[in-house]
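When we follow this note's numbering, the leftmost residue of the sequence shown carries the number 13, and every step to the right adds one. Below: the structure, in structure tokens.
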Amino acid sequence: MLLFRGILTRGGITSGLLYHNSQVVLGRGLIDAYYLESKLAKYPRIVISEDIVSNIFSLPINSGIQDFIKRDFDGLWHLELFRPLKNISDIKDHIEDLKLSRLIIVKLFRESKSLSLYERVNIHWLVSYFNESVTSHNELGIKTIIRRRNIERMGI
């Protein structure tokens with residue numbers, strides 16, 4: 013996970029025709045994915061197009077794939093960065109991943125005072141998202157990162 017290296021990423025997942033060879037990639041699929049990433053993602057998340065979401069929810073519920081996507085506050089669907097517990101085969105690894113993610117996000121937050129407003133907003137989103145994720149699985153014992161007033165001190 014790039015987050016483990018302190019790298020925040022965003023992207024877009026869609027479907028569409030695509031042509032590629034060793035020198036060029038082009039097509040509606042690429043254009044639509046680029047649009048999702050550059051215009052809609054805004055935060056460190058991988059946004060999923062509505063047609064892909066529709067396909068996912070047409071699959072049998074026991075496939076479990078629905079647990080790997082999440083609808084955000086702005087109505088956009090994205091990949092679930094902190095995977096849901098019921099689809100993890102090794103709980104200990106999942107808990108360790110969450111603990112490491114927490115440490116990295118705290119470090120990013122502490123270093124954010126020198127960053128641009130845009131970068132601080134992205135870290136704020138990540139903190140809120142992490143807190144929401146671990147709160148929904150509080151049986152794991154992972155602590156939330158910071159209190160709301162500390163985020164407000166960031167000048168967001």
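The beta-carbon is built from N, C-alpha and C at its ideal position, and this holds for glycine as well. Values in this document were obtained by computation on a predicted structure and should not be read as measured data.
The beta carbon of residue 48 sits closer than 7 angstroms to the beta carbons of 24, 26, 59, 61 from its chain, once the five residues preceding and following it are set aside; these are given in chain order.
Between residue 39 and residue 52, the CB-CB gap reaches or exceeds 8 angstroms. With respect to the 8 angstroms criterion, residue 152 and residue 107 are classified as neighbours on the basis of their beta carbons. For residue 110, DSSP assigns no beta-bridge partner whatsoever. In this structure residue 22 touches residue 56 by the C-beta definition: roughly 5 angstroms separates them, less than 8 angstroms. Nearest to residue 63 by alpha-carbon distance, out of 95, 79, 74, 44, is 44.
Its Cα nearest to that of residue 115, the residue 156 stands out among 83, 35, 156, 82. Distance from the CA of residue 86 to the CA of residue 37, rounded to the nearest whole angstrom, comes to 31 angstroms. Cβ neighbours of residue 117 within its own chain (closer than 7 angstroms, five residues either side excluded): 138, 139, 142, 157. If you look at residue 59, you'll find it in the beta strand (DSSP E) that goes 58-60. Between the alpha carbons of residue 78 and residue 95 lies a distance of about 11 angstroms.
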